[in-house]
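Visitor: One structure, as structure tokens, below. Some questions next.
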Amino acid sequence: MERFCTILHEGTRPALLDLGAPCSSNINFFGKKGFKIFVEDFLQNYCEAGRRLSALPQLLNYSTAAFEGVFCWDIFDFLHPDDSPRMAERLHALLKPSGGLLALFYSRDDRIPRTIFRHKLTDSGQVLHEAVSGMGAQGHRYANREIMRIFSAFDIDKSFHHKSGYREYLFRKR
Numbered sequence: 000m001e002r003f004c005t006i007l008h009e010g011t012r013p014a015l016l017d018l019g020a021p022c023s024s025n026i027n028f029f030g031k032k033g034f035k036i037f038v039e040d041f042l043q044n045y046c047e048a049g050r051r052l053s054a055l056p057q058l059l060n061y062s063t064a065a066f067e068g069v070f071c072w073d074i075f076d077f078l079h080p081d082d083s084p085r086m087a088e089r090l091h092a093l094l095k096p097s098g099g100l101l102a103l104f105y106s107r108d109d110r111i112p113r114t115i116f117r118h119k120l121t122d123s124g125q126v127l128h129e130a131v132s133g134m135g136a137q138g139h140r141y142a143n144r145e146i147m148r149i150f151s152a153f154d155i156d157k158s159f160h161h162k163s164g165y166r167e168y169l170f171r172k173r
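Number 173 marks the last residue of the sequence shown (my numbering); no jumps.
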């Protein structure tokens, strides 16, 4: 989280797009740090649209290069695999040059993700994963080579493998 915040603070009053389920602790965390925050519950809209990007004509209706950073959380795990490259392309367009994108991918071999989580930041920057009640979807587990292909327009700034089973990637726009 610290590295992501460093990237974002390269701008003055940096704009951040959070694509996760709305969470007051995340808004407070970034608000205290001086960020301008935009929240769009992407997975809620995507699931309601039948899991097709084409059914969301107003998808991420923001100006080009509007954000220093985007929090994707684990949304790619729940996108139809055909939609993932289009989504990455759209997010690339929304980022300012050298902007950061944080994405989580579930990596445990024993199961495919089905539970949609709200990812909550604590005051210390630790991420807590809380299941969103009533929300679930068939997920897709991506191999590393698929992730690299989807995000080929980005550079990898950092990557981590968490005990929770997530792979965390911090991408930078070239």
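By construction, the Cβ of each residue, glycine as well, lies at the ideal position given by its N, Cα and C atoms.
As the structure is a computational prediction, the values presented were derived from the model and not from experiment.
Alpha carbon to alpha carbon, how far is L15 from F28? Give it in angstroms, no decimals.
Guide: Residue mapping note: residue 28 aligns to position 29 of the sequence shown, counting from 1. Residue mapping note: residue 15 aligns to position 16 of the sequence shown, counting from 1. Using only the alpha carbons, I get a separation of about 12 angstroms.
Visitor: Compare the beta carbon distance of R140 and Y105 with 9 angstroms and say whether it is the shorter of the two.
Guide: Here the question's residue 140 lines up with position 141 in the sequence shown. Here the question's residue 105 lines up with position 106 in the sequence shown. Yes, Cβ-Cβ distance for R140 and Y105 is below 9 angstroms.
Visitor: Is it buried or exposed, A102, if we count other Cβ atoms within 10 angstroms and call 16 or more buried?
Guide: For the purposes of this step, residue 102 is taken as the residue at position 103 of the sequence shown. It counts as buried.
Visitor: Name the one or two DSSP bridge partners that Y168 has.
Guide: Position 169 of the sequence shown holds residue 168. DSSP, once it has assigned bridges, lists A102, S158 as partnering Y168.
Visitor: In terms of DSSP beta bridges, what is L127 paired with?
Guide: Translated into the one-based positions of the sequence shown, residue 127 becomes position 128. Answer by DSSP bridge pairing, in chain order: K119.
Visitor: What number of angstroms, rounded off, separates the C-alpha of D82 from the C-alpha of I74?
Guide: Locating residue 82 in the sequence shown gives position 83, counting from the first residue. Locating residue 74 in the sequence shown gives position 75, counting from the first residue. Near 11 angstroms, if we compare the C-alpha coordinates of I74 and D82.
Visitor: With a 10 Å radius around its C-beta and 16 neighbouring C-beta atoms as the bar for buried, classify N143 as buried or exposed.
Guide: Translated into the one-based positions of the sequence shown, residue 143 becomes position 144. Classification for N143: exposed.
Visitor: Which residues in the same chain as F116 place their Cβ atom closer than 7 angstroms to its Cβ, once the five residues preceding and following it in sequence are excluded?
Guide: Within the sequence shown, numbered from 1, the residue matching residue 116 stands at position 117. Excluding positions up to five away in sequence, the list reads D73, H128, E129, A130, V131.
Visitor: Under the rule that 16 or more other beta-carbon atoms within 10 Å means buried, what is N60, buried or exposed?
Guide: The residue given as residue 60 occupies position 61 in the sequence shown. Per the 10 Å Cβ criterion, exposed.
Visitor: So, are the CB atoms of A87 and A152 less than 9 angstroms apart?
Guide: Sequence index remark: in the sequence shown, residue 87 carries index 88 (1-based). Sequence index remark: in the sequence shown, residue 152 carries index 153 (1-based). Yes, Cβ-Cβ distance for A87 and A152 is below 9 angstroms.
Visitor: Just checking my contact of E47 with P13 at CB under 8 angstroms: how many whole Å lie between their CB atoms?
Guide: Taking the first residue of the sequence shown as 1, we reach residue 47 at position 48. Taking the first residue of the sequence shown as 1, we reach residue 13 at position 14. The Cβ separation is near 30 angstroms, so there is no contact.
Visitor: For the alpha helix (DSSP H) containing F3, name the first residue and the last one.
Guide: For this step, residue 3 is matched to residue 4 along the sequence shown. Element bounds for F3: 1-7.
Visitor: Taking 9 angstroms as the threshold (C-beta atoms), are L100 and V69 in contact?
Guide: Along the sequence shown, one-based indexing puts residue 69 at 70. Along the sequence shown, one-based indexing puts residue 100 at 101. A contact, by the Cβ cut-off of 9 angstroms.
Visitor: Given a cut-off of 9 angstroms on the beta-carbon distance, is the pair L52 and L78 in contact?
Guide: In the sequence shown, the residue the question calls residue 52 occupies position 53. In the sequence shown, the residue the question calls residue 78 occupies position 79. Yes, the pair counts as a contact, with Cβ atoms nearer than the cut-off.
Visitor: Under a Cβ-count criterion, where at least 16 other Cβ atoms within 10 Å of its own Cβ denotes burial, should A20 be classed as buried or exposed?
Guide: One-based indexing of the sequence shown puts residue 20 at position 21. Classification for A20: buried.
Visitor: Please look up how many angstroms separate the CB atoms of L18 and F41, rounded, as I've assumed it's under 8 angstroms.
Guide: Residue mapping note: residue 18 aligns to position 19 of the sequence shown, counting from 1. Residue mapping note: residue 41 aligns to position 42 of the sequence shown, counting from 1. About 4 angstroms; that satisfies the 8 angstroms criterion.
Visitor: Expressed to the nearest angstrom, what Euclidean distance is found between the alpha-carbon atoms of S62 and T11?
Guide: Numbered from its first residue, the sequence shown carries residue 62 at position 63. Numbered from its first residue, the sequence shown carries residue 11 at position 12. Roughly 18 angstroms separates the two Cα atoms.
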